[in-house]
Every structure is written in C-alpha cells, then in structure tokens.
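Trainee: Numbering (the UniProt record's numbering), first residue to last: 1 to 159.
A single structure is presented below for examination.
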C-alpha cells in the first residue's frame, strides 16, 4: 500500500522552512502531495498557478513530490487523493493551538486520516511567508530564507 502525505499551505511564497518540511516528509512517505490551498480570506501576492510553478521548480529534485491546488476543505482533498496523513509544520509553541484546532476538526470530519506535526528546523523557526514578503518589499536581503527561484520572483513582483 502506498503511503501518501499531504502538505498543505498557502505557500505565498514557499520558504526554506516549507521546503525543509517537504524534504523531510518525502523521506518518510512514498508520495508527498504539496497542495496550494486557495484561502479566500487571504490576499496573496502570487496567484495559485505562480505558487504551484515555484513549488514545482524548487522540488523538482525530489521525485516523490507532486504539486497540486485545491479550493475547499483540506480533509476532502486528502480523501480524494487517498492520503494517509496530513503533515503540518510547527515553528513555535504559538502555532500549536491553532494547528490543534484544525487537526481536531479534520479528525471530527474523517478519523481515518492522521495529522502529523513536524517541528521546524531551528534555523527556520522565525520564518514565515509574510515576513519574507515584507523584507523583500523594502529591498532587504532574503537570501537563504527562500530558494533562489523564489527570491527572483519576489524581486520581480516588487520592482
């Protein structure tokens, strides 16, 4: 039986922290679906196709990673792709409460799909897409915080 994990997020844009979680998940699962969730409450800098393209570029060397998008409930997507698990990254204790609520709701909706928390590598524990966008907007250095393709895309957006 193929073990499939879903790594969801808005990925606006993907950071080195996201990439770290994806790479680590890819060593545990047969297939990792990185799914760009279209969150109507957010105002993204990159559209869904741009985000998917950037993720595809930076994960192309990881053969068991597939990139997708979905509008709707994550648990519905997970059922649709026959996922065994949802992987959620945690940067700090402050992330846990929100993630626990989401996990509990997903468990209520479908108790057959597990949610696994992966703690961020310490060097990325402060990192978020929002922080990266803010620094890039004001021409600060984001080298090492995002993959090179993302850095170029951000500089292009803010010129």
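For each residue, glycine too, the CB sits at the ideal point set by N, CA and C.
Note that this is a predicted model, so its numbers are computed, not measured.
For the region 87-100 against the region 10-25, do three or more pairs of beta-carbon atoms, one drawn from each stretch, fall closer than 8 Å, so that the two count as touching?
Mentor: Yes, they touch.
Trainee: Please report how far the alpha carbon of residue 42 lies from the alpha carbon of residue 16, in whole angstroms.
Mentor: Distance between the alpha carbons of residue 42 and residue 16: 21 Å.
Trainee: Just how far apart, CA to CA, sit residue 101 and residue 143?
Mentor: If I take the Cα positions, the gap works out to 33 Å.
Trainee: Please state whether DSSP places residue 16 in a helix, a strand or coil.
Mentor: It is helical.
Trainee: List the endpoints of the continuous beta strand (DSSP E) containing residue 7.
Mentor: From DSSP, the beta strand (DSSP E) with residue 7 extends over 4-9.
Trainee: Output needed for residue 67: all residues of its chain with C-beta closer than 6 Å, excluding positions within five of it in sequence on either side, in chain order.
Mentor: Answer for residue 67: 34, 52, 55, 56, listed in chain order.
Trainee: Is DSSP giving residue 105 helix, strand or coil here?
Mentor: Looking at residue 105 - three-state DSSP - the assignment turns out to be helix.
Trainee: Pick helix, strand or coil for residue 143, following the three-state DSSP scheme.
Mentor: Strand.
Trainee: Using the Cα positions of residue 148 and residue 135, report the straight-line distance between them to the nearest angstrom.
Mentor: If I take the Cα positions, the gap works out to 15 Å.
Trainee: Alpha carbon to alpha carbon, how far is residue 45 from residue 84? Give it in angstroms, no decimals.
Mentor: Taking the straight line joining both Cα atoms gives about 31 Å.
Trainee: Within the same chain, show all residues whose beta-carbon is closer than 6 Å to that of residue 154, passing over the 5 residues directly before and after it, in chain order.
Mentor: Contacts found: 136.
Trainee: I need the straight-line Cα distance from residue 38 to residue 6, nearest angstrom please.
Mentor: Computed Cα separation, rounded: 15 Å.
Trainee: Closest by CA to residue 146, which one among 127, 115, 157?
Mentor: Of 127, 115, 157, the residue nearest in Cα terms is 127.
Trainee: For the alpha helix (DSSP H) holding residue 1, just list the boundary residues, first then last.
Mentor: Per DSSP, residue 1 belongs to no alpha helix (DSSP H) and is neither H nor E.
Trainee: What did DSSP end up calling residue 160 once you bin it into helix, strand or coil?
Mentor: The structure shown does not extend to residue 160, since the chain spans only 1 to 159, so no value can be given for it.
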